[in-house]
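If you count the sequence shown from 1, you need to add 371 to reach the numbering used here.
Below you'll find the structure, written out as structure tokens, and then a few comments.
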Amino acid sequence: MAATGFGPEAFDAADPPAFYLGERREELESIADAAFIVQGTRLPVHTGMLAVASPVLCGAFAKVDGSHEQACSSCGHKRKHAEARQRADSQLVLEAPFKDFSLFEVVLFLKLLYDQTWLADPQATLGALHDTLPAMLRLAHGLNTASLLAMLVSYMQGATCATMSSLAAWTEAANQCQLDDLQLSLLHMLACRLASLHDGDLGNTLAASRALLQCDSSTLVQLIAVLTHAGFKAASVYSRKLREYVSSQASLALAVAAAARTGSFDWTLMHFSQQIAEAGQRVMSPWFSAVVKLECSTSGVHACFEITFLNADGAVHRRFEDTKVFQANSAAGFPSFLPSNSLSQASLFPGDCLRLCATVTTLPN
Numbered sequence: 372m373a374a375t376g377f378g379p380e381a382f383d384a385a386d387p388p389a390f391y392l393g394e395r396r397e398e399l400e401s402i403a404d405a406a407f408i409v410q411g412t413r414l415p416v417h418t419g420m421l422a423v424a425s426p427v428l429c430g431a432f433a434k435v436d437g438s439h440e441q442a443c444s445s446c447g448h449k450r451k452h453a454e455a456r457q458r459a460d461s462q463l464v465l466e467a468p469f470k471d472f473s474l475f476e477v478v479l480f481l482k483l484l485y486d487q488t489w490l491a492d493p494q495a496t497l498g499a500l501h502d503t504l505p506a507m508l509r510l511a512h513g514l515n516t517a518s519l520l521a522m523l524v525s526y527m528q529g530a531t532c533a534t535m536s537s538l539a540a541w542t543e544a545a546n547q548c549q550l551d552d553l554q555l556s557l558l559h560m561l562a563c564r565l566a567s568l569h570d571g572d573l574g575n576t577l578a579a580s581r582a583l584l585q586c587d588s589s590t591l592v593q594l595i596a597v598l599t600h601a602g603f604k605a606a607s608v609y610s611r612k613l614r615e616y617v618s619s620q621a622s623l624a625l626a627v628a629a630a631a632r633t634g635s636f637d638w639t640l641m642h643f644s645q646q647i648a649e650a651g652q653r654v655m656s657p658w659f660s661a662v663v664k665l666e667c668s669t670s671g672v673h674a675c676f677e678i679t680f681l682n683a684d685g686a687v688h689r690r691f692e693d694t695k696v697f698q699a700n701s702a703a704g705f706p707s708f709l710p711s712n713s714l715s716q717a718s719l720f721p722g723d724c725l726r727l728c729a730t731v732t733t734l735p736n
């Protein structure tokens with residue numbers, strides 16, 4: 372199971388040190404000998420522990436401490452310097468390494484270093500932190516925290532439950548850190564996910580591909596090359612010409628218009644088999660329900676909604692589709708979504724994850 376207290380819901384912006392120092396907060400804060408300044412907030416830390424985890428921080432601490440000592444020595448005011456250091460709680464201060472990161476990102480990074488409970492099940496803990504993993508990767512790489520960096524890289528390379536948006540963000544972070552092996556691994560996963568998007572509907576594919584907007588041009592060029600190469604190989608196998616399947620201008624225009632009215636998102640549920648249906652009860656039925664809720668700003672919206680079950684490769688396993696006039700805050704769904712014989716297929720739940728894709732397309736009234 373995932374270690375508790377690592378998500379943003381456990382973070383109190385009014386008291387950031389409590390997030391990473393935990394139950395021993397008072398004791399640890401009293402012996403802190405350095406501080407990180409992040410967005411104007413002072414975070415007490417411990418040079419001994421962080422210097423072991425990060426050679427970069429070790430050098431930064433030594434440089435700051437040496438600068439202080441050299442300055443006071445050259446002025447001949449060692450006593451005054453010592454008094455000043457005592458008034459500042461004898462803490463070294465670092466701010467520059469964290470100027471591009473949010474307060475939560477830095478305290479989460481510290482928690483991953485301070486709180487070792489997550490190492491008992493890193494897959495579960497990191498699986499709940501997908502949105503913040505790009506920042507963790509950049510911090511771990513920039514500060515050379517080798518152990519944490521290795522854990523992050525290992526998780527990302529095997530994260531079959533990651534959404535398209537997460538994969539795109541991780542790919543960009545790996546590219547920025549010049550982690551070539553990780554970047555290529557994620558690029559391969561992105562290409563496979565794109566190749567298995569939906570089941571042929573161009574409008575839905577365009578909508579789902581919006582996750583790639585966060586990718587830079589070099590990543591997009593690589594993706595185009597990989598998919599084009601795969602397409603030509605597939606076309607040669609079946610003795611068909613790939614260009615015959617490229618949409619016409621008219622078809623593309625219709626698809627672009629449909630994509631503008633379509634919203635799509637992936638949803639991943641970790642530890643699916645262990646989910647609780649009600650307080651004190653575990654899921655016993657071989658079926659589960661899936662519901663889409665649409666918040667409308669008008670009196671009613673005619674829309675087509677789809678809920679798709681995705682397998683380990685992101686390919687469509689089963690799709691449910693219906694149309695409905697959604698009123699304000701109305702919902703629609705399918706009460707019996709997956710039969711027991713499908714649940715028995717272990718490949719559909721990689722790492723005990725359930726992956727769904729919900730798509731809503733507004734229709735002309």
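Even glycine gets a Cβ: it sits at the ideal position worked out from N, Cα and C.
What span of residues does the beta strand (DSSP E) with residue i cover, start to end?
i: residue 632; result: Element bounds for residue 632: n/a, residue is neither H nor E.
i: residue 414; result: 412–416
i: residue 726; result: 725–733
i: residue 676; result: 672–681
Considering Cα atoms alone, identify which of the options is closest to residue i.
i: residue 410; options: 396, 632, 666, 471; result: 471
i: residue 585; options: 538, 515, 509, 413; result: 538
i: residue 620; options: 666, 599, 495, 573; result: 573
i: residue 495; options: 693, 703, 639; result: 639
i: residue 732; options: 637, 678, 629; result: 629
i: residue 388; options: 627, 378, 399; result: 399
i: residue 533; options: 553, 594, 515, 557; result: 557
i: residue 464; options: 404, 542, 514, 487; result: 404
i: residue 551; options: 568, 536, 524; result: 524
i: residue 690; options: 701, 698, 677; result: 677
i: residue 385; options: 414, 395, 587; result: 414
i: residue 488; options: 567, 478, 375; result: 375
i: residue 587; options: 605, 579, 547; result: 547
i: residue 664; options: 417, 477, 701; result: 701
i: residue 598; options: 579, 632, 625, 563; result: 563
i: residue 602; options: 567, 583, 481, 434; result: 567
i: residue 596; options: 615, 559, 402; result: 559
i: residue 583; options: 554, 540, 615, 555; result: 540
Less than 9 angstroms between the C-beta atoms of residue i and residue j, yes or no?
i: residue 484; j: residue 420; result: yes
i: residue 508; j: residue 545; result: yes
i: residue 500; j: residue 512; result: no
i: residue 561; j: residue 542; result: yes
i: residue 594; j: residue 565; result: yes
i: residue 636; j: residue 671; result: no
i: residue 475; j: residue 382; result: yes
i: residue 622; j: residue 516; result: no
i: residue 486; j: residue 393; result: yes
i: residue 407; j: residue 468; result: yes
i: residue 734; j: residue 679; result: no
i: residue 497; j: residue 522; result: yes
i: residue 730; j: residue 624; result: no
i: residue 675; j: residue 694; result: yes
i: residue 481; j: residue 423; result: no
i: residue 478; j: residue 510; result: no
i: residue 429; j: residue 418; result: yes
i: residue 703; j: residue 662; result: yes
Using DSSP's beta-bridge definition, name the partner residues of residue i.
i: residue 427; result: BP columns for residue 427 are empty, so no partner.
i: residue 407; result: 414, 465
i: residue 377; result: According to DSSP, which records beta bridges pairwise, residue 377 is partnered with nothing at all.
i: residue 640; result: 725
i: residue 690; result: 679
i: residue 696; result: 673
Could you give the first and the last residue of the continuous alpha helix (DSSP H) run that contains residue i?
i: residue 577; result: 573–579
i: residue 745; result: With the chain represented from 372 up to 736, any question about residue 745 goes unanswered, as that position is not in the structure.
i: residue 499; result: Neither: residue 499 is in no alpha helix (DSSP H) and is coded neither H nor E.
i: residue 388; result: 388–392
i: residue 550; result: Segment: none, residue 550 is in no alpha helix (DSSP H) and carries neither H nor E.
i: residue 476; result: 474–485
i: residue 517; result: 517–528
i: residue 399; result: 396–401
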